[in-house]
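Take a look at the structure set out below.
Residue numbers (UniProt numbering): 1 to 640.
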């Protein structure tokens, strides 16, 4: 036996071993790696860990020239790969790092261009929205699997201490494979090093020993033959962006400071007063950033007391990803709290500016602005709850429910109300509603159909053309008096084509055809409609499988919205069965995110004092368990 120290060693000039003072160590050749002579040891070090961790699955899972590879999470693998040509040097691979954390989100893309690398770019992150043949994952998320494209693979290169928790329907529709990959042995590591011997290295930062344990502020890029040492006092190129909001969702001032080794230049952009959400290219845009929205409905807020409004918003303050809320901005019935909203006289209508609903809406908008929550205001109801269309129709001499869409006198009365609320000045904030960025959108009506529930029948001639023409007229009217806000229909999304399912039962006939007077795609294509809406209630619609049928419903609307080029929101969805609710919602979330959904709003949110009248209500604990994970995943899709 040869010991570490003092043992006979014929090959050593001194004749015995020197342990840690040896100039060379004799080991079994099976445990030795040969570093190419042209590679600096410092820039090679990351390859021996992060490098082989991604090299090995590339060899075993069929990564080929021209493929796209995503690394989920910008940890050691993501950072090493975002600064190394390892993946694309000879294989011309496209590479992307996906991060769900805003503080570390980089989403870097690089590719080979001849023998040179393109400059590292900071790209808008689209986590889980772009789909890749190969996804390397060392973190845990139930939606990571959705980043793989059809026939793609999710390769686990790390061992999460938690179960993965994938729903079968996250895998089945796209035939996604899940695999695991070991780090890679000596043989594969040597192959990788020889591959990298052609001047392929990672970027590193060298710091002196006295800097260990201290924060660093720069990253230095090294070439294959040159190593540069930097300190925190002399950055080579550091850019810092600071954003300050002076009022919630209203004013943003950005200061950009660029520092070089010799000079410091500071420029400040002019203050902007945007804060309004718009729609462009199939996305929601807020202050120049692509934005996704997660939230709920609280139809009752306009009829509540200030105390109940405060209670609900105090509850919502515990859920940082909750950024949109839909509520009723109408109450046509005579028993509305705080006084009659509308007074009809002959063929005209007048609006009571002191009605309690306006007092509550004023207060609600002021509170929502402070918390950064956008509010969708729905202008009337197809149903008789809190009044609705039939109140106008009966008061103004209509016979059928659908006279609301065609009778000029009735349409003029509705426009009178719209004109008032759009131009109303908030008594709390002093801001006109049309100038308030807290308002996400004006919604023409809730769940329009040819028939309602107020006692008036539908005419035999009512069809989708009636309602489409009405949507067109009303949405253009709103735009004529308010060019700042978006407009949506508020419909249930009927009239689209199923994707994977074939239905013959009567319950599904009225959903997927236009017999209820709806055509989702046609309505979304109207020039003054900015985004689409759909609702989803499997049990009340008589569907046999909430998950399977719901997933098909979501995919159908995603396809339709993409064909029009506008965003859409699943703005109402609900399951009353509390034993299956969480699993059902999570399946819908996975499907929606994979399909590129722009937002989801559950029915309904409430503070602890509000009763669960319809069985759908989610309280704070429910939101924490079921909704907050979705909010985080949707937030991760934002570009900034």
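For every residue, glycine included, the Cβ atom is placed at its ideal position computed from N, Cα and C.
Cut-off 6 Å between Cβ atoms - residues of its own chain near residue 635, not counting five sequence neighbours on either side: 321
What does the Cβ neighbour count give for residue 586, buried or exposed, with the cut at 16 atoms within 10 Å? buried
Looking at residue 33 and residue 189, is the spacing between their C-beta atoms short of 8 Å? yes
Touch test, the stretch 334 to 342 against the stretch 354 to 370, Cβ-Cβ under 8 Å, three pairs minimum: yes
Have a look at residue 417 and residue 350 and give me their C-alpha separation to the nearest angstrom. Rounded to the nearest angstrom, the two C-alpha atoms are 8 Å apart.
Taking the Cβ atom as the reference point for each residue, do residue 452 and residue 382 lie within a distance shorter than 8 Å? Between residue 452 and residue 382, the C-beta spacing is below 8 Å.
Can we say the stretch 295 to 307 touches the stretch 322 to 329, given the rule of at least three CB pairs closer than 8 Å? yes
Are the Cβ atoms of residue 493 and residue 534 separated by less than 8 Å? yes
Looking at the secondary structure, which residues open and close the alpha helix (DSSP H) in which residue 477 lies? 464 to 481
Once you ignore the five residues that flank residue 420 on each side, which residues in its own chain have a CB closer than 8 Å to its CB? 351 and 353, listed in sequence order.
Restricting to Cα atoms, I'd like to know which of 206, 171, 415 and 57 is closest to residue 182. Among 206, 171, 415 and 57, the Cα nearest to that of residue 182 belongs to 57.
Whole-angstrom Cβ separation of residue 606 and residue 619, contact assumed at under 8 Å? 6 Å
Are three or more beta carbon pairs between the stretch 421 to 438 and the stretch 303 to 321 nearer than 8 Å? no
Run through DSSP, which three-state label would residue 126 get? No answer about residue 126 holds up, because its pLDDT of 30 lies below 50 and its placement is not dependable.
Can you tell me the Cα-Cα spacing of residue 360 and residue 427, whole angstroms? Each residue's alpha carbon lies about 10 Å from the other.
Using the three-state DSSP reduction, which class does residue 196 fall into: helix, strand or coil? helix
Quick one: measure Cβ to Cβ for residue 521 and residue 560, integer angstroms, because I've assumed they're closer than 8 Å. 5 Å
Could you pull out every unbroken beta strand (DSSP E) segment of at least 3 residues lying fully inside the stretch 354 to 439, listed in chain order? The qualifying runs are 374 to 378.
Cβ of residue 573 within 8 Å of Cβ of residue 541? no
According to the Cβ coordinates, are residue 616 and residue 576 closer than 8 Å? yes
Excluding sequence positions up to five away, which residues of its chain have a Cβ less than 6 Å from the Cβ of residue 141? The predicted model places residue 141 with a pLDDT of 49, which falls under 50 and marks its position as unreliable; any figure quoted below should be read in that light. Excluding positions up to five away in sequence, the list is empty.
Cβ contact check for the stretch 455 to 467 and the stretch 428 to 442: 3 or more pairs under 8 Å: no
Can you check whether the C-beta of residue 197 is within less than 8 Å of a C-beta belonging to chain C? Of the protein chains in the structure, only one exists, and it is not chain C.
Could you tell me which residues DSSP pairs with residue 531 in its beta bridges? 488, per the DSSP bridge assignment.
Closest to residue 184 by C-alpha separation, out of 283, 580, 176 and 53, would be which residue? Of the candidates 283, 580, 176 and 53, the one whose C-alpha sits nearest the C-alpha of residue 184 is 53.
For residue 430 and residue 362, I'd like the C-alpha separation in whole angstroms. The C-alpha of residue 430 lies about 9 Å from the C-alpha of residue 362.
If I'm right that residue 578 touches residue 531 with Cβ under 8 Å, what's the distance once you round it to whole angstroms? Contact doesn't hold; Cβ gap of about 31 Å is too wide.
Name the DSSP bridge partner or partners of residue 326? 297 and 376
Can you tell me which residues form a DSSP beta bridge with residue 285? Answer is 278 and 290.
With C-beta atoms as the reference, is residue 35 less than 8 Å away from residue 193? yes
What separation, rounded to the nearest whole angstrom, lies between the Cα atoms of residue 143 and residue 633? Here residue 143 scores only 48 on pLDDT, less than 50, and its place in the model should not be relied on; the value that follows carries that caveat. Whole-angstrom Cα-Cα distance: 8 Å.
Within the continuous alpha helix (DSSP H) that includes residue 340, where are the two ends? From DSSP, residue 340 is part of no alpha helix (DSSP H); its letter is neither H nor E.
I believe residue 597 touches residue 570 by the beta-carbon criterion, under 8 Å. Please report the beta-carbon distance rounded to the nearest angstrom. 6 Å
Through-space distance from residue 59 to residue 51, alpha-carbon basis: 13 Å
Can you list the alpha helix (DSSP H) stretches of 4 or more residues lying completely in the stretch 529 to 615, in chain order? Counting whole runs of 4 or more residues, the stretch 529 to 615 contains the alpha helix (DSSP H) stretches 546 to 564 and 581 to 594.
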